[in-house]
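Student: Our numbering puts the sequence shown at residues 235 to 414. We treat Cβ as the ideally placed atom computed from N, Cα and C, and that holds for glycine. Dropping a structure here in structure tokens format, bear with me for questions.
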Amino acid sequence: MQPSGQDGDAQASQQAPQQVVKVRRDYNSWVATETMEDYALRYTPQRFRKWSEWRVANTAFGAASFLILEAVGATLLVQYGFINAFWAIVATGLIIFLAGLPISVYAARYGVDMDLLTRGAGFGYIGSTLTSLIYASFTFIFFALEAAVMAYALELALDIPPTWGYLICAIVVIPLVTHG
Numbered sequence: 235m236q237p238s239g240q241d242g243d244a245q246a247s248q249q250a251p252q253q254v255v256k257v258r259r260d261y262n263s264w265v266a267t268e269t270m271e272d273y274a275l276r277y278t279p280q281r282f283r284k285w286s287e288w289r290v291a292n293t294a295f296g297a298a299s300f301l302i303l304e305a306v307g308a309t310l311l312v313q314y315g316f317i318n319a320f321w322a323i324v325a326t327g328l329i330i331f332l333a334g335l336p337i338s339v340y341a342a343r344y345g346v347d348m349d350l351l352t353r354g355a356g357f358g359y360i361g362s363t364l365t366s367l368i369y370a371s372f373t374f375i376f377f378a379l380e381a382a383v384m385a386y387a388l389e390l391a392l393d394i395p396p397t398w399g400y401l402i403c404a405i406v407v408i409p410l411v412t413h414g
């Protein structure tokens with residue numbers, strides 16, 4: 235007959251000694267190796283802060299190559315007229331520029347990414363996680379908008395249905411994004 239109640243619990247705990255096993259975590263060794271670290275969550279070393287003219291120009295060209303920006307600008311122009319669209323775009327661009335300028339200067343000067351800036355500004359780890367989630371959602375929104383423009387272009391040029399155009403664009407774009 236098996237004991238029940240508190241006596242049974244006490245007897246079971248005496249029979250099965252418990253121990254805490256220390257598990258070595260590999261994370262610190264991974265981030266200590268500079269070849270494996272992409273500095274997404276760390277301070278960027280001075281030797282990785284190289285700003286050639288080609289790199290800066292290539293970044294600017296990449297930002298200007300969004301097809302959706304031209305489509306949004308054209309839609310604003312058609313819907314609201316040139317004067318209204320012009321001043322709305324100038325005002326929005328000025329607000330974005332002024333908001334991003336101190337962040338960009340500080341990040342470029344000290345090699346600190348947005349994750350560390352949000353942590354240091356008092357938002358903590360949860361704030362930096364939410365900020366990263368917001369940036370990731372913007373990235374997915376831009377990918378979806380770009381895929382829509384490219385799928386529409388495939389439909390006009392090759393008579394490919396939009397559903398297949400979205401699929402083709404996703405199959406082509408995802409490896410480019412993940413592997414550069």
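Which of the three DSSP states is assigned to residue 305 in this structure?
Tutor: Here residue 305 sits in helix by DSSP.
Student: Does DSSP classify residue 250 as helix, strand or coil?
Tutor: Here residue 250 sits in coil by DSSP.
Student: So, are the CB atoms of residue 388 and residue 402 less than 8 angstroms apart?
Tutor: Taking 8 angstroms as the Cβ cut-off, residue 388 and residue 402 qualify as a contacting pair.
Student: Between the C-alpha atoms of residue 396 and residue 344, what's the straight-line distance to the nearest angstrom?
Tutor: One C-alpha to the other measures close to 45 angstroms.
Student: Under 8 angstroms, do residue 322 and residue 335 count as touching if we go by C-beta distance?
Tutor: Not a contact, by the Cβ cut-off of 8 angstroms.
Student: In or out: residue 381 buried (at least 16 other Cβ within 10 Å) or exposed?
Tutor: Buried, since its Cβ has 16 or more Cβ neighbours within 10 Å.
Student: My output table needs one value for residue 337: the three-state DSSP class, helix, strand or coil.
Tutor: Residue state, collapsed to three classes: helix.
Student: Residue 303: which of 376, 405, 409 and 398 sits nearest, CA to CA?
Tutor: That would be 376, whose Cα lies nearest to the Cα of residue 303.
Student: Kindly indicate which three-state DSSP category residue 290 falls into: helix, strand or coil?
Tutor: If DSSP states are grouped into helix, strand and coil, residue 290 belongs with the helices.
Student: Going straight from the alpha carbon of residue 393 to that of residue 364, what length do you get?
Tutor: Their Cα atoms are separated by approximately 41 angstroms.
Student: Specify the secondary structure class of residue 394 as computed by DSSP and reduced to three states.
Tutor: Note: residue 394 maps to coil in three-state DSSP.
Student: Cβ of residue 406 within 8 angstroms of Cβ of residue 305?
Tutor: It is not a contact, given that the beta carbons lie outside the stated cut-off.
Student: Can you find the residues in the same chain that come closer than 6 angstroms, C-beta to C-beta, to residue 319, ignoring five residues on each side of it along the sequence?
Tutor: Here the set comprises 310 and 311.
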